[in-house]
Amino acid sequence: MPDSVIESEGLPPNIHHYPYKGRDDYEEIWNYEHSLPDRLEYFLITNIGKAAFEHNFLNNEEHLFRNSWKDYFISTNSLLIRMPTKPHERAARNFGYYVKKEADLISPECRLVLCGSSDIHSDTRVKRPDESFLPRTLQNREDPTVVVEVALSESSTDLQKSAECYLNNSNGVVKAVITIRLQHKQEMVLRRWCIRNGAPVIDQETIIVKRRRKTRSNQDTLHFTNAPFIIPFQDLYLRQPAPGTDEGDVKLTQNVLTMLLTGNHRPIRLHKFQVGYVTIPEDWTVADYPVIENLDEDQPDREATTSWRDKLTRLRTHTQVRSETFNSVCGIKWLYLVDEGYFLTGKPWPMSAHGSP
Numbered sequence: 001m002p003d004s005v006i007e008s009e010g011l012p013p014n015i016h017h018y019p020y021k022g023r024d025d026y027e028e029i030w031n032y033e034h035s036l037p038d039r040l041e042y043f044l045i046t047n048i049g050k051a052a053f054e055h056n057f058l059n060n061e062e063h064l065f066r067n068s069w070k071d072y073f074i075s076t077n078s079l080l081i082r083m084p085t086k087p088h089e090r091a092a093r094n095f096g097y098y099v100k101k102e103a104d105l106i107s108p109e110c111r112l113v114l115c116g117s118s119d120i121h122s123d124t125r126v127k128r129p130d131e132s133f134l135p136r137t138l139q140n141r142e143d144p145t146v147v148v149e150v151a152l153s154e155s156s157t158d159l160q161k162s163a164e165c166y167l168n169n170s171n172g173v174v175k176a177v178i179t180i181r182l183q184h185k186q187e188m189v190l191r192r193w194c195i196r197n198g199a200p201v202i203d204q205e206t207i208i209v210k211r212r213r214k215t216r217s218n219q220d221t222l223h224f225t226n227a228p229f230i231i232p233f234q235d236l237y238l239r240q241p242a243p244g245t246d247e248g249d250v251k252l253t254q255n256v257l258t259m260l261l262t263g264n265h266r267p268i269r270l271h272k273f274q275v276g277y278v279t280i281p282e283d284w285t286v287a288d289y290p291v292i293e294n295l296d297e298d299q300p301d302r303e304a305t306t307s308w309r310d311k312l313t314r315l316r317t318h319t320q321v322r323s324e325t326f327n328s329v330c331g332i333k334w335l336y337l338v339d340e341g342y343f344l345t346g347k348p349w350p351m352s353a354h355g356s357p
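Sequence positions in the sequence shown follow the numbering used here and run 1 to 357.
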């Protein structure tokens, strides 16, 4: 049974697999796999029934169980577990950040929601993408319109299988799949998959390759093929752009693609100052964006941001945020102006305790 899943999903033939024997045993397996110096990105759990999967993984709020699985194969009672790696998670997060940033700049009606690992169900499996998008105007919709899958291995077979799975088994709910293959910050291949004539096809392939120039400075040069990378408007928003507006496709330029490949997206901290209150929209959400990972490590007020990963919030991507009027009030301790976005840290407290600013 494991062999059939491994072959059909294009997984490495040497992937480890273990029968499911309960939660405690799974924790031991996880710790063992995590301790391996040359561990693979995935391992497989077999003999886990659907009820056990739903109770112990799908609907479990414990981080180890809720966030470690990638695919559940109903016909074989097999569960694919992904071992998290920083390059993998960073690539998915960074891509989501830049797509959302470009989309939000189009107009308020085009703002996107990052759904993250939003579970997608079909008759044969339950699958979790690395990132996914949904227009804010369609938040009542259960499934995202565009999903993202990332792979660090040299083979792209698993990415193709994932793209085909989403498009073939989502009953038309998922309109596009974006796959990203990274190789040691030297090459990145982005593909956009969609359905054409009833079959999944690659609608665009963009390749970025880093090469060392043979000069006195030995500077790296980047070579782009088929840039910018485009996400069609109708795939994201399920409609055509409105005439006479700025609505249009989301385009990731060479500059953005460069930051995705090299990881050199360290933002410049333009300002940091103490404030008592700031007005924010009622629909604000806490998000773990890539830029918050790169605040200066030597900042003098580190104790003020002990849990900054949980507290920093991206408020707006445009520079007019302070002149806008919002409906709710939040007390914060520090305000960062980074990369044309506002990032807040500090626990909110009720308006009744302090009144309006």
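For glycine and all other residues, C-beta sits at the position ideal for the given N, C-alpha and C.
| Query | Result |
| --- | --- |
| Contact the stretch 60–69 vs the stretch 92–104: 3+ CB pairs below 8 Å | no |
| Inter-residue Cα distance where the pair is residue 114 and residue 47 | 33 Å |
| C-alpha distance - residue 166 paired with residue 119, whole-angstrom precision | 11 Å |
| Separation of residue 252 from residue 228, as counted between CA atoms | 5 Å |
| Residue 30 versus residue 182 - alpha carbon distance | 25 Å |
| Spatial neighbours of residue 293 in its chain, beta-carbon cut-off 6 Å, leaving aside the 5 residues before and after | Because the pLDDT of residue 293 is 33, which lies under 50, any placement of that residue in the model is unreliable, and the number read from its coordinates should be weighed accordingly. Nothing meets the Cβ criterion. |
| Bridge partners - residue 223, DSSP secondary structure assignment | 209 |
| Bridge-paired residues (DSSP) for residue 42 | 82 |
| Any non-hydrogen atom of the ligand GDP closer than 7 Å to residue 198 Cβ | Ligands in the displayed structure: none, and consequently the ligand GDP is not present. |
| The beta strand (DSSP E) enclosing residue 70, as first and last residue numbers | 69–73 |
| Cβ shell of residue 190 (< 6 Å), same chain only, five flanking positions each side left out | 180, 206 and 229 |
| Residue 309, buried or exposed, once every other Cβ within 10 Å from all chains shown has been counted against 16 | In this prediction, residue 309 has a pLDDT of 36, which is less than 50 and means its spatial position is unreliable; what the coordinates show is noted afterwards. Its Cβ having fewer than 16 others within 10 Å, residue 309 is exposed. |
| Residue 114 in three-state terms, based on DSSP | strand |
| Backbone secondary structure at residue 122 - three-state DSSP | coil |
| Proximity below 8 Å, CB of residue 42 to CB of residue 82 | yes |
| Assumed close pair residue 71, residue 125 - CB separation to whole angstroms, cut-off 8 Å | 6 Å |
| Outcome for residue 162 when other beta-carbon atoms lying within 10 angstroms are tallied against a minimum of 16 | buried |
| C-alpha gap between residue 100 and residue 194, whole angstroms | 20 Å |
| Backbone secondary structure at residue 337 - three-state DSSP | With a pLDDT of 39 at residue 337, under the threshold of 50, the modelled position of this residue cannot be trusted; read the value that follows with caution. It is a strand residue. |
| 6 Å Cβ shell around residue 136 - same chain, five flanking residues per side excluded | 111 and 113 |
| CA nearest to the CA of residue 131, picked from 177, 4, 242 and 256 | 177 |
| Beta strand (DSSP E) runs wholly inside the stretch 119–182, at least 3 long, in chain order | 125–127, 131–135 and 146–151 |
| Proximity below 8 Å, CB of residue 175 to CB of residue 220 | no |
| Integer Cβ distance of residue 45 from residue 11, believed to fall under 8 Å | 13 Å between Cβ atoms; not a contact. |
| Exposure label - residue 75; buried when at least 16 CB within 10 Å | exposed |
| Secondary structure of residue 108, DSSP reduced to three states | helix |
| Simplified DSSP state of residue 88, which is helix, strand or coil | helix |
| Inter-residue spacing [alpha-carbon to alpha-carbon] between residue 6 and residue 17 | 10 Å |
| Beta-carbon proximity check, residue 77 vs residue 122, cutoff 8 Å | no |
| Own chain, CB closer than 6 Å to residue 237, minus 5 neighbours either side, in chain order | 135 |
| Burial state of residue 26 (16 or more Cβ within 10 Å) | buried |
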